[in-house]
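Student: Residue numbers (UniProt numbering): 1 to 191.
C-beta atoms are modelled at their ideal positions from N, C-alpha and C, and glycine is treated no differently.
Take this structure, written in structure tokens, and hold onto it; I'll ask about it next.
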Amino acid sequence: MIEIPSDLHKDLVPLAFLLGNWAGAGVHDFPGSQKCNFGQEVSFTHDGRDFLEYRSHTWVLDQDGNKVRPLESESGFWRIRPDRKVEVTMTRDDGVIEIWYGEMADKKPQIDLVTDAVARTADSRPYSGGKRLYGYVKSDLMWVGEKQTPEVPLRPYMSAQLKKVVTPEDVERWAKALPDDLPDDGIAFFK
1 MIEIPSDLHK DLVPLAFLLG NWAGAGVHDF PGSQKCNFGQ EVSFTHDGRD
51 FLEYRSHTWV LDQDGNKVRP LESESGFWRI RPDRKVEVTM TRDDGVIEIW
101 YGEMADKKPQ IDLVTDAVAR TADSRPYSGG KRLYGYVKSD LMWVGEKQTP
151 EVPLRPYMSA QLKKVVTPED VERWAKALPD DLPDDGIAFF K
């Protein structure tokens, strides 16, 4: 279910499917790095202005699904123009700052992004650009990232499937929104 908060800036309504806290797992595989499964937590929040704030933390998982060590962290801001063009500024923990441009797919909650500008610190790993695809599929947030370096052509390197994290406040808000005339026994509701 996509919920549109009443205080969400009107320009951000097409991005409402991203809002909330998400958690899940995926696969990381890029030449020069160890292939691994990873866990991920992502949040998209807003404060009423015309952008979403984005934070992502990933960590390597062992064979039993336990956290081993941090993998990547990034944060940024997402905006959308009236023509459904999306702009993202992003900062990564490895010393890379990116500007991404893309657009919403027609009639579905999907965003394609490509880097327009990349700045790196002297100690960051080689990186020259990337692509990302985000989509809302059957109530899950799914994404795939591609990247390139001067030595490696553009190729997929990370993907994940994330579930919405439900808080006690969410449950309370949903319960208050239920109609007053529900059957008493709960079973009759499903008949």
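Is it buried or exposed, A160, if we count other Cβ atoms within 10 angstroms and call 16 or more buried?
Tutor: With 16 or more other Cβ atoms within 10 Å, it is buried.
Student: Do three or more CB pairs link the region 67-77 to the region 105-124 at distances below 8 Å?
Tutor: No: the two stretches stay apart, fewer than three of their Cβ pairs being nearer than 8 Å.
Student: Could you pull out every residue in the same chain whose Cβ sits closer than 7 Å to the Cβ of T91, ignoring the five residues on either side in sequence?
Tutor: Correct list, in chain order: E74, S75, G76 and I97.
Student: Please state if the CB of V27 and the CB of M142 are separated by a distance shorter than 9 Å.
Tutor: Contact: no.
Student: Thinking P168 and T149 are a contact (beta carbons under 8 Å), I'd like their distance in whole angstroms, please.
Tutor: No, P168 and T149 are not in contact; Cβ-Cβ is about 44 Å, not under 8 Å.
Student: If you compare alpha carbons, which of V86, F38, D50 and S56 is closest to V68?
Tutor: Measuring from the Cα of V68, the nearest candidate turns out to be F38.
Student: According to DSSP, simplified to helix, strand and coil, what is A16?
Tutor: In the structure shown, A16 sits in a helix (DSSP, three-state: H, G or I).
Student: What's the call for I2, buried or exposed, on a 16-neighbour Cβ count within 10 Å?
Tutor: Exposed: under 16 other Cβ atoms inside 10 Å.
Student: Sort K176, P156 and K163 by Cα distance to K35 and report the nearest one.
Tutor: Of the candidates K176, P156 and K163, the one whose C-alpha sits nearest the C-alpha of K35 is P156.
Student: Among M104, P31, G130 and E87, which residue has its Cα nearest to the Cα of K147?
Tutor: When each option's Cα is compared against that of K147, the closest is G130.
Student: So is S6 buried or exposed if we call it buried at 16+ other beta carbons inside 10 Å?
Tutor: Exposed: under 16 other Cβ atoms inside 10 Å.
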